[in-house]
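**Q**
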Amino acid sequence: MVYTTTTLIALAATLSTSFAAYVPKTTLTGDEFFTHFDFYSGPDPTKGFVQYVNRDTAINSGLIAMADHPLANASVYIGVDSTNPYPASGPGRQSIRLHGKDAFTHGLVTVDIYHAPTGCGLWPAIWMVDPNGVYPGNTGEIDLFEYVHDSPANSVTLHTSEGCKITNNTSPAAPASRFRRETAAAASAMTGRVESQNCYVNAPEQTYNKGCSIASPADISPPPSAKGQQSLRQQTFATAGTGFNEQGGGVYALVWTSDLIEAYFFPRPSVPAELSINPSKEDGSVPAGRSVDPAAWKAQGIQPVARFQGCDFDQHIRNVSLVVNADFCGDWAGNDAVWEQSGCKAKTGAGTCNEYVGANPKAFEDAYWLLGGIEVWEGQ
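Heads up: the sequence shown runs through residues -20 to -1, 1 to 360, numbered per mature numbering (1 follows the signal peptide of the UniProt record, and there is no 0).
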């Protein structure tokens, strides 16, 4: 038999992990979006220069609303205070931190993002953690979309208790035949780069709370099957930052099983119809009877931006709920070395992250989320 590239990719998806087809379980969008979340207003566990406000304050201050985007109808707006200055020694700038009311284990999570906060001083994230505040415990944390300052690349990270390390399978070891080599490579391929392999938050060989992290590429190309448009396939698209917002964002998808966690990114022009939950300006409709099979993505040549394997995830990550927030400074973005290495110290002229964020409210007028919605899917 002659094995084509498409055949090898399809076989590889079957050989590596058998994904079930998923159907929508919970759809968070439109006017009902905020009913699925609690507004956290306590102190920031990561020591951010931030005041998270309650629902009433968020509404009265205009920090949450429904808004249109040139590519979509009503989307969910989640902003930060861009009006008031704050002393660098004070509690920080007002922002929003949403905690999902429902917890889940395994499945598919898709996040439709049209615009994300970006710029010096910011630390935005969409992630999953124990709803009762246990960390890491045996429930762990999954960060699907996270970066600091104006980074053009997203980081996907797991934080767990001791005993969870991932293996980087992008270079399979000594397969016995060319067929096995090619199928194994196709099955394990990802476009991201492993930054750290130990998911344990106190791993002695890593900085505290680093976890196992995979950096998405700053730019990716659409898959070969991208709507059949040659011009589209010749473009590249950003996974975070200013370029991400200029292209209208895209959809991030997290596939979570007992032995594999993968993150995919679909730039706005190549978002599959079945992942569209916010009616577009073009036809104003959402496809009915939707289902998703990640194995079919692989068969189309779509690679994940991050792939975690080699850990018994059920022992370390379970029963988590969604969190959406925009932090300022804190343990990561506010670290003096990070502030300088990111270029923000030179760019802003501010000696510290807190100093800049407190004194420059207008710098955060575009520091907002605009979400088409979030969806949690379950296996059929």
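We treat Cβ as the ideally placed atom computed from N, Cα and C, and that holds for glycine.
Given a threshold of 16 other Cβ atoms within 10 Å of its Cβ, counted over all protein chains shown, does E142 qualify as buried or as exposed?
**A** exposed
**Q** On the DSSP bridge assignment, give the partners of S201 in chain order.
**A** Per DSSP, none; premise fails for S201.
**Q** In whole angstroms, what is the alpha-carbon distance linking A52 and L8?
**A** 16 angstroms
**Q** Is it buried or exposed for S69, if we count other Cβ within 10 angstroms and need 16 for buried?
**A** exposed
**Q** Apart from the five residues on each side of it in sequence, which residues of its chain come closer than 7 angstroms, Cβ to Cβ, to F293?
**A** S238, D239 and I241
**Q** Would you mind sorting Y66 into buried or exposed? The rule is 16 or more other CB atoms within 10 Å of its CB.
**A** buried
**Q** Determine, using beta carbons only, whether I93 and F13 come nearer to each other than 9 angstroms.
**A** no
**Q** Is the beta carbon of A1 less than 9 angstroms from the beta carbon of Q283?
**A** no
**Q** Between S75, P50, T98 and V3, which has its C-alpha nearest D36's C-alpha?
**A** S75
**Q** What did DSSP end up calling I39 once you bin it into helix, strand or coil?
**A** helix
**Q** Nearest to L302 by alpha carbon, out of D11, Y20, G10 and V3?
**A** Y20
**Q** Which whole-angstrom value is the C-beta distance of Y244 and I58, which I expect to be below 8 angstroms?
**A** Not quite, the Cβ-Cβ distance comes to about 23 angstroms (not below 8 angstroms), so this is no contact.
**Q** In chain order, what residues of the same chain have a beta carbon less than 8 angstroms from the beta carbon of V128, not counting five sequence neighbours either side?
**A** L102, W103, W312, A313, V318 and S322
**Q** Just checking my contact of T119 with N299 at CB under 8 angstroms: how many whole Å lie between their CB atoms?
**A** That pair is a contact at about 5 angstroms.
**Q** How far does the alpha helix (DSSP H) with G70 in it extend, from its first residue to its last?
**A** No alpha helix (DSSP H) contains G70, which DSSP labels as neither H nor E.
**Q** Residue 371 and R173 look like a contact to me (Cβ under 8 angstroms); what is the Cβ gap, rounded to whole Å?
**A** No answer is possible for residue 371: the residues shown for the chain start at -20 and end at 360.
**Q** Between E226, S250 and W277, which lies nearest to L234 when the distance is taken from Cα to Cα?
**A** W277
**Q** Thinking G80 and F125 are a contact (beta carbons under 8 angstroms), I'd like their distance in whole angstroms, please.
**A** Actually they are not in contact, since the Cβ atoms of G80 and F125 sit about 15 angstroms apart, beyond 8 angstroms.
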